[in-house]
Each structure stands twice: as structure tokens, then as C-alpha cells.
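Taking it in order: structure first as C-alpha cells, then the write-up.
Number of protein chains: 2
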Amino acid sequence: MDKVNRRTTLKLMGMGAALLMASGRVRAQGTPTADQVIQGKDPRLIVHNSRTGVLETPLELLREHERTPKEILFIRNNQVLPQGKTLEPIAPDGWIISIEGMVENAQAFDAKILKDLPQVEVEMVLQCSGNGRSFFARAQRASGTQWKHGGMGNVVFKGVPFKVLVEHLKLNIYPGAKYVTVNGKDQPPTLQAPDFEHSVPLEEALEKGILALEMNGEPLPAAHGGPVRFVMPGFYGTMNVKWVDRIRFDVAETFNHNQIPRYRVPNHPIQPGSEFNFTFENSRPNWHQKVKSVIFAPLDGEEVKAGNVLVRGVAWNDGLVPIEAVLVSTDQGRTWIRAKLTSPQSPYAWFHWETYVALSRGEREIWVQAVDKLGRAQPLDGTVHWNPRGYEWNGVDIVKVKVV
Amino acid sequence: MDKVNRRTTLKLMGMGAALLMASGRVRAQGTPTADQVIQGKDPRLIVHNSRTGVLETPLELLREHERTPKEILFIRNNQVLPQGKTLEPIAPDGWIISIEGMVENAQAFDAKILKDLPQVEVEMVLQCSGNGRSFFARAQRASGTQWKHGGMGNVVFKGVPFKVLVEHLKLNIYPGAKYVTVNGKDQPPTLQAPDFEHSVPLEEALEKGILALEMNGEPLPAAHGGPVRFVMPGFYGTMNVKWVDRIRFDVAETFNHNQIPRYRVPNHPIQPGSEFNFTFENSRPNWHQKVKSVIFAPLDGEEVKAGNVLVRGVAWNDGLVPIEAVLVSTDQGRTWIRAKLTSPQSPYAWFHWETYVALSRGEREIWVQAVDKLGRAQPLDGTVHWNPRGYEWNGVDIVKVKVV
Numbered sequence: 001m002d003k004v005n006r007r008t009t010l011k012l013m014g015m016g017a018a019l020l021m022a023s024g025r026v027r028a029q030g031t032p033t034a035d036q037v038i039q040g041k042d043p044r045l046i047v048h049n050s051r052t053g054v055l056e057t058p059l060e061l062l063r064e065h066e067r068t069p070k071e072i073l074f075i076r077n078n079q080v081l082p083q084g085k086t087l088e089p090i091a092p093d094g095w096i097i098s099i100e101g102m103v104e105n106a107q108a109f110d111a112k113i114l115k116d117l118p119q120v121e122v123e124m125v126l127q128c129s130g131n132g133r134s135f136f137a138r139a140q141r142a143s144g145t146q147w148k149h150g151g152m153g154n155v156v157f158k159g160v161p162f163k164v165l166v167e168h169l170k171l172n173i174y175p176g177a178k179y180v181t182v183n184g185k186d187q188p189p190t191l192q193a194p195d196f197e198h199s200v201p202l203e204e205a206l207e208k209g210i211l212a213l214e215m216n217g218e219p220l221p222a223a224h225g226g227p228v229r230f231v232m233p234g235f236y237g238t239m240n241v242k243w244v245d246r247i248r249f250d251v252a253e254t255f256n257h258n259q260i261p262r263y264r265v266p267n268h269p270i271q272p273g274s275e276f277n278f279t280f281e282n283s284r285p286n287w288h289q290k291v292k293s294v295i296f297a298p299l300d301g302e303e304v305k306a307g308n309v310l311v312r313g314v315a316w317n318d319g320l321v322p323i324e325a326v327l328v329s330t331d332q333g334r335t336w337i338r339a340k341l342t343s344p345q346s347p348y349a350w351f352h353w354e355t356y357v358a359l360s361r362g363e364r365e366i367w368v369q370a371v372d373k374l375g376r377a378q379p380l381d382g383t384v385h386w387n388p389r390g391y392e393w394n395g396v397d398i399v400k401v402k403v404v
Numbered sequence: 405m406d407k408v409n410r411r412t413t414l415k416l417m418g419m420g421a422a423l424l425m426a427s428g429r430v431r432a433q434g435t436p437t438a439d440q441v442i443q444g445k446d447p448r449l450i451v452h453n454s455r456t457g458v459l460e461t462p463l464e465l466l467r468e469h470e471r472t473p474k475e476i477l478f479i480r481n482n483q484v485l486p487q488g489k490t491l492e493p494i495a496p497d498g499w500i501i502s503i504e505g506m507v508e509n510a511q512a513f514d515a516k517i518l519k520d521l522p523q524v525e526v527e528m529v530l531q532c533s534g535n536g537r538s539f540f541a542r543a544q545r546a547s548g549t550q551w552k553h554g555g556m557g558n559v560v561f562k563g564v565p566f567k568v569l570v571e572h573l574k575l576n577i578y579p580g581a582k583y584v585t586v587n588g589k590d591q592p593p594t595l596q597a598p599d600f601e602h603s604v605p606l607e608e609a610l611e612k613g614i615l616a617l618e619m620n621g622e623p624l625p626a627a628h629g630g631p632v633r634f635v636m637p638g639f640y641g642t643m644n645v646k647w648v649d650r651i652r653f654d655v656a657e658t659f660n661h662n663q664i665p666r667y668r669v670p671n672h673p674i675q676p677g678s679e680f681n682f683t684f685e686n687s688r689p690n691w692h693q694k695v696k697s698v699i700f701a702p703l704d705g706e707e708v709k710a711g712n713v714l715v716r717g718v719a720w721n722d723g724l725v726p727i728e729a730v731l732v733s734t735d736q737g738r739t740w741i742r743a744k745l746t747s748p749q750s751p752y753a754w755f756h757w758e759t760y761v762a763l764s765r766g767e768r769e770i771w772v773q774a775v776d777k778l779g780r781a782q783p784l785d786g787t788v789h790w791n792p793r794g795y796e797w798n799g800v801d802i803v804k805v806k807v808v
């Protein structure tokens, strides 16, 4: 989209002059703060894009809460739902969701019926698949929002299991259906642009998928996909489609631009900076979250006092098996200490870890690596997973501190 | 097969009385030694099965050679080629190999033509997919030969790239072909038993597959699959089919009992001891070798002198990316030291590592964990990958030593 189109769109959407001046790259005087982009957000969030709303949580805010409050939870919108730029909820009553595709009895239903169906609650890490993208620049910059670590949070969703809905509606899914493709009420900025939708494996959707109505014990904020968000615990955030209004049963993944080539990584490593022609065979969508850890303290660039320093943070994966160990190194990987690990109730939530390390005066690095029970670990050099759009960064986390 | 059948078979095969008394479990007086089972083998090899020939290399022999000599290289035969129980070679002249399946110009050729085609040499770890099976017993014993670590070796194969043969014969492979299924001249013990064959992905076979005629610079010994073995570097040994006489292009993997349910692991972890109904969808064949390391010194049960002790061994994976780090722990994983790592020329060969650790008097454990550049590591508790037939063990290696 060129600048003129962008401005026209903004005008059509009836937004104020302040927004017109803003973008993720130009932070001039008058750049809107997070609460001006999404009503109700904490103004201390980092604004990457004020048009659709792309907000990052600084780690010093994120680490203060076991469950990330809605006010500071990151936002990554591809498209805008005009009434969605607020933390206020939208009532599900009168919100129509259609069931389409490989099903004998295609139909539509009012989302208000979800309120009366059995519900489940799941605590989980919600993470943008671009989170950490900026670190790929250690090898070669990847295109897209240059997230540090704040494109993630730990939240609790509550809603109706997808399987329960399928049973309630007595849907006769054809045996050949292998994927479920979910679309939201948000629309692309132009008629020519492809509408955002994502496919996930049907079997896993029936096992884990939730039509979420609540987050952290409150009605789901509009900005986070209310009234109904399709939640897939353990999957990257983008697969948790907001503002659900169409659910399609498919024999194959959607050919939508946002399923291929976007939101996809090569099956095998490629050279940083190289081009890649994405096919369904040579690549896979941003589905299961890779094992990852983040250092909450000390923060990168911080000054700490020499001696025994408490290092702490969180680690998580796709929830398939627990995190088994978190190792910390203060000598660039020559030796490692196993941190104390605390397991959450939910396999999809973050695990806390902490350990003391002895630091002497000078510029020091702290490295952390998580490994799960399947032996899936963070690569020491995360740029091995470089991909043109910079998804799924999961390299060993590194902070540099000044020890005084 | 019950005992009577087994004996009958042995008689039919015209083998001596000494062999009748032998098995991997009963080591009575008169049990044949390795050189009696396979002519030319080192008698110090462990005999697991004297009927088909299943021999394990003790680590104290294995570690003495950079390239594992034919005399001590492990043997795992599923079936017997009567003339194959010797380290002597078999001449390729007059050895007919047929090309079948999804190919326009199915045909047969004399293996002697391979001698005049361009050849390549590859150093690689050859490893039985059951290697390490005995360690699953930490959770629950898995059925099959109770291998320790000696079902592996590092060898050099030389032969004609599969792709070169395909081009030489001008094979017109149909576009739908996705797998290549290889069968050997060896036969099952009864007409009712399924003949041994394996399928590998066609794309990888064209990229890496070799029709090997030599091992370690000599004509391929009959016992190791001579005159022609289908070698797939980075794949488990079982996929390196011996005594090749049929090559079939397939749209799908073979339904042969040895491709499913044998030589297969579940896609997702299952509880140790549980049953599993293998399907093509819920499981995968023993193709790519998992990242793994083995401690060569000190050996399990050895006595060592207190002080700085040299710990050394090897590590390897499927050759897709290099081994990135090898970590050693002497306090059951609380702290780890990164070992010195030496990279081989070939990505498929073993990597040597070594480090000194300080050991005080008492019963001590040494643990080692390898991690590759993709972040694929050995699970601390290898039994997480438990599967009914005990394939693909790759847990952190542990030796117990007495420090005096």
C-alpha cells in the first residue's frame, strides 16, 4: 500500500490527525502513544505501527505480572476491525459465525449460544511469530516489525472447546477434511488485498481449539479479538484468529497470502539473506511455538553490582512436553549452570526459572538456553533459523550487563 | 517364530550343532564366538544372535579406531544371505539389479556396470536404529536386541550416486513417485514371512543415496551388504539396505511389515509400556539419525584416579547441520562444561569431543549432551522417546565411575 492509499484509508476510518503522522519508523513529535492507538492500553508500550495497531511490551513491564494484564499485553493487528481499537469488549449477541466448507450441514449461528455451552480455561503464552525478529539482524535483517522480546505475554483464555461446538451443532464433517480455516470480521485495507485467514490441522483444532469469550477472567477485549477469538494453545499468536466470523473445513491449507508465503518458514535451513520460493512442500506454517527462554532480570544494558547476581526469566514451548532444564552461562557458553525451574499448572503457560551467578566487574554477557523433555533446545546461534520474513526466532537469549 | 521353527530353519540352513545352542540370551558353553558367526570378525564382539548374525562392538574396541575396521564393525542382519556370512567380498559381475515400479522404462542391469560409473566417497556413522535400546529399560524394557552403545561405527563407503545411476539408465520416473523402496537378495526364513525391504524419500535418495561397492577402501564385505549396498548417509543403518537386487519407485511407502509397524516410532511421545497402533499418519520410519553422543572414556564401571580426568567421546546427528556444542556434567546436570569439539570433513561422520573434569573420590556420574546448530539436543531423560520396539534411543549418555 502506498502512502496516499494509507492516508485515504485512515481518513475513511475517521481517525484523527495525530494518527496520520504516525508510523513505526517515524517517531516525530505528535507520534501517538499506545493508549491513543488502542484505547485503554498502557502508554508505556512501544508503538511499532499506529495504523493497524502493533504494540510491544517492554520487558520491565511484562516481568511484573504472572498473568499479563490486558493494558500491557502486546498487539499485532494485520487488519483493522473499526470498532476493535479498544480494550472494551464487544457483546457476542447478534455476532454471526458461519460454518463452511467440507461439512454436510453448513450453517450460521449467533455467537450468543456460546455463552451457554460448557467452557474451559487455559493459561498460555500468546506470542507473535515475529517476536524476536530483530535478533536475526545478527546475521541479516529480516523484513517486518523489528520486535525484541516483548511480542508475547502469559494470559488465561476461557471459552467453548471447538469440539464441543462441533458436537453441539451436530456438524457432519466430511472424512477428507484435514484443516480448519478461520477468518475474522476484520477486512483488508483494499478490495484487492487478500483477507487475513489461517489454517490449522483439524485434528489438533478438535483437540485444543477454543472459541474464547474471556481473557484473564473478563470479557475478551475487542482489541484482542472479542467477542470471539479462535484460540489454539501452544500455537503462535497469528494462528489465534481474532473476531471469528467464518470457520471452514478444508482438504488442504488455504492458499491465502497470509498462509503462504507469509507466516511460514522453510523446512530446512537456508543461508541468511537468500531468497526462498515458498511451497506447501518445502515450508511449514507458524504453528507450534519453538522452545524458548527470555531473561527478565537483569535486563539488557543494565548495571549490576559485582558478586552473586540473581538471574531470572521464563521459558516455554508448544506445550507438547514440559520444559526439562534451563541452563545459564556467564562465559559465552563455556560453562553452564542449571537454573531452578518452576512448573506451571498449564503445559502452555510460561515456566519460571532463576539462579544466582557470580559476576566480577566489567562488561559481562549472560546467556540462557532452555531444553524440553523431547530434547528440543534453543540453538546457540539463533540465526541458523533465518528466514526472509523473520519468524520463529528462538536463539539462546543473551543480555549484556555492566558489572560495577 | 517359535523355538521349533527356529531350529528347523537352522537345520534347513545346514548350520552346525554349535549354532543351535546359541542365542543372545543363553550364553552356554559352546556358544559361538563372533568369528564363528561371521567369518573374519573379531572374536571379542558381543554375539546377540548367532542365527542371522547380530554382533555388537564393545566400546573399548570401537574407540581405538577413527574409521571402524570391518573386523569389529557391528552386524545386524534381519535375514540371511547364505553366502553373506563372511567378510570376504562378492564380485558384482553377474549380480542383477532390477528397476521397478513408477518408471516408464523398468529394466534390469548387471551390477558390474557400476564399476565404470563415477563414484563418490562418504565418511559416515552407520548406526542400528535399535542402538542403545537397553537404556529404555530405565523406564520400561523395549522388545528386541538389548544393544548398549556398540551398534554403531564410523566408516567410509564408496560407490555410485543413485542419481548418477538414474541418469545413466535414462530412467523416466513418473512425477507421482515420492519414495524409493529397496529390497535385497536375502530371503525371509519362511515363505510366509514378509521379505525385508525399506522405503526412503525419493528426493533425498536422489540427493544422498549411493550404490556402495566399497567400504574403508576395500571391496564391500559380503556380511556388510556386498557386492552392492544402498547407502543413505545420515539415515539409520536399517535404511542402508544390503545385497540390493530390486529398486522400486513408489507413490507411497511400502506396506511391508519392516516399514510398518517395525522400524518406526510414534510422531508424539507415548507412555512407556503402552501399546501403539502404528499408522502411516501417527508414526514415522527410522530415517534421520537423532543427535547423539557417546562417552568413550572413561567407560561405564571403570575406576579412575581422583583429580583432573580426561573425558572424551564422539557425537553425531543426521548431517543436516553440524554439531554445535557438547556439554559435560559431573553433578547430574546441575552444571555443565562445554567440551572441545573437533569437526570432521564429512557432515555425516562422528565429531570428537574431549574435556577435563575435576573428580573427587567416590562413586561419580559423568553425563554428556550434544546439541546441534538447529538446537536439536539429547533429552536428559531419554526414555521420553520410549516406543514399543525401542528404536532411536538418544538420551544424554551417562557413565558411572569409581574415583579412587
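The listed protein sequences derive, respectively, from chains A and B.
When you line the first sequence up against our numbering, it's residues 1 to 404, in that order.
When you line the second sequence up against our numbering, it's residues 405 to 808, in that order.
All C-beta atoms in this analysis are idealised placements derived from N, C-alpha and C, irrespective of residue type, glycine included.
If you're wondering where the values come from, they're calculated on a predicted model, not measured in any experiment.
Whole-angstrom distance between residue j and residue i, CA atom to CA atom
{"i": "A:T190", "j": "A:E392", "result": "28 Å"}
{"i": "B:L414", "j": "B:P751", "result": "Low confidence applies to B:L414: its pLDDT is 40, below 50, so where it sits in the model is not reliable enough to give any reading."}
{"i": "A:T330", "j": "B:R650", "result": "56 Å"}
{"i": "A:D2", "j": "A:S199", "result": "At A:D2, the pLDDT of 39 sits below 50, so the modelled position is not reliable; the number obtained from the coordinates is stated separately. Cα to Cα, the separation comes out at about 29 Å."}
{"i": "A:R27", "j": "A:G226", "result": "Confidence in A:R27 is poor, its pLDDT being 48 and thus under 50, which makes the residue's placement unreliable; the coordinate value appears in the next sentence. C-alpha separation (whole angstroms): 30 Å."}
{"i": "A:V54", "j": "A:H48", "result": "5 Å"}
{"i": "B:P496", "j": "B:N509", "result": "23 Å"}
{"i": "B:L485", "j": "B:R537", "result": "26 Å"}
{"i": "A:S23", "j": "A:Q192", "result": "Its pLDDT being 41, under 50, A:S23 is placed unreliably in this model, and the value from its coordinates should be taken loosely. Going by the C-alpha atoms only, they are around 23 Å apart."}
{"i": "B:P473", "j": "B:T759", "result": "26 Å"}
{"i": "A:N258", "j": "A:N286", "result": "11 Å"}
{"i": "B:G613", "j": "A:L359", "result": "51 Å"}
{"i": "B:P605", "j": "A:E64", "result": "49 Å"}
{"i": "B:V507", "j": "B:V655", "result": "11 Å"}
{"i": "A:R141", "j": "B:E601", "result": "47 Å"}
Nearest-angstrom beta carbon gap, residue j and residue i [assumed within contact, 8 Å]
{"i": "B:A774", "j": "B:V695", "result": "5 Å"}
{"i": "A:V326", "j": "A:V311", "result": "Contact flag wrong, Cβ pair sits at about 10 Å."}
{"i": "A:V156", "j": "A:V122", "result": "7 Å"}
{"i": "A:A223", "j": "A:I75", "result": "6 Å"}
{"i": "A:K340", "j": "A:W353", "result": "6 Å"}
Span of the beta strand (DSSP E) around residue i
{"i": "A:K112", "result": "Unbroken run through A:K112: none, as it is neither H nor E."}
{"i": "A:Q36", "result": "Not the beta strand (DSSP E): A:Q36 falls in the alpha helix (DSSP H), residues A34 to V37."}
{"i": "B:E728", "result": "I727 to S733"}
{"i": "B:K804", "result": "D801 to V807"}
{"i": "B:K562", "result": "M556 to P565"}
{"i": "A:D372", "result": "G362 to D372"}
{"i": "B:N481", "result": "It is not in any beta strand (DSSP E) - B:N481 carries neither H nor E in the DSSP assignment."}
{"i": "B:E796", "result": "Where B:E796 is concerned, there is no enclosing beta strand (DSSP E), given that its DSSP letter is neither H nor E."}
{"i": "B:G505", "result": "I500 to G505"}
{"i": "B:H809", "result": "The structure shown does not extend to residue 809 of chain B, since chain B spans only 405 to 808, so no value can be given for it."}
{"i": "B:N587", "result": "Y583 to G588"}
{"i": "A:K340", "result": "K340 to T342"}
{"i": "A:L117", "result": "Looking at the DSSP string, A:L117 is not in any beta strand (DSSP E), and its letter there is neither H nor E."}
Boundaries of the alpha helix (DSSP H) in which residue i is found, first to last residue
{"i": "B:L463", "result": "L463 to L466"}
{"i": "B:A656", "result": "Per DSSP, B:A656 belongs to no alpha helix (DSSP H) and is neither H nor E."}
{"i": "B:H756", "result": "Run containing B:H756: none in the alpha helix (DSSP H); it sits in the beta strand (DSSP E), F755 to L763."}
{"i": "B:K612", "result": "L606 to K612"}
Chain D within 7 Å of residue i, Cβ atoms only
{"i": "A:K292", "result": "Looking for chain D here will not work: the only protein chains present are A and B."}
Any non-hydrogen atom of the ligand ZN closer than 6 Å to residue i Cβ
{"i": "B:P665", "result": "For the structure depicted, the ligand ZN is absent and the ligand set is empty, with no information on it obtainable."}
To be precise: take each residue of the region 330-352 of chain A, compare its Cβ to all Cβ atoms of chain B, and keep it if any distance is under 7 Å. Which residues remain? Along the region 330-352 of chain A, going in chain order, the ones with a CB nearer than 7 Å to a CB of chain B are G333, R334, T335, W336, I337 and R338.
Anything in the region 255-268 of chain A with a Cβ closer than 8 Å to a Cβ of chain B? List those residues in chain order, please. Within the region 255-268 of chain A, the qualifying residues are H268.
Every unbroken beta strand (DSSP E) within the region 622-650 of chain B, with a cutoff of 3 residues, ordered by chain: Counting only runs of 3+ residues, the beta strand (DSSP E) found wholly inside the region 622-650 of chain B occupies 633-635, in chain order.
Within the region 681-741 of chain B, ranges of the beta strand (DSSP E) (whole runs, at least 3 residues): List check, beta strand (DSSP E) in window: 687-689, 696-701, 711-720 and 727-733.
Which residues, taken in chain order from the region 712-725 of chain B, show a beta carbon closer than 8 Å to some beta carbon of chain A? Residues passing the 8 Å Cβ filter: L724 and V725.
Pull out every residue of the region 772-791 of chain B whose Cβ sits closer than 9 Å to any Cβ of chain A, in chain order. Within the region 772-791 of chain B, the residues whose Cβ lies closer than 9 Å to some Cβ of chain A are Q773, V775, D776, K777, L778, G779, R780, A781, Q782, P783, L784, D785, G786, V788 and H789, listed in chain order.
Return the residues of the region 114-132 of chain A that lie within a Cβ-Cβ distance of less than 9 Å from chain B, sorted by chain order. Listed in sequence order: no entries.
When you check each C-beta in the region 438-457 of chain B against every C-beta of chain A, which residues fall closer than 9 Å? Under the 9 Å Cβ criterion, the region 438-457 of chain B contributes no residue.
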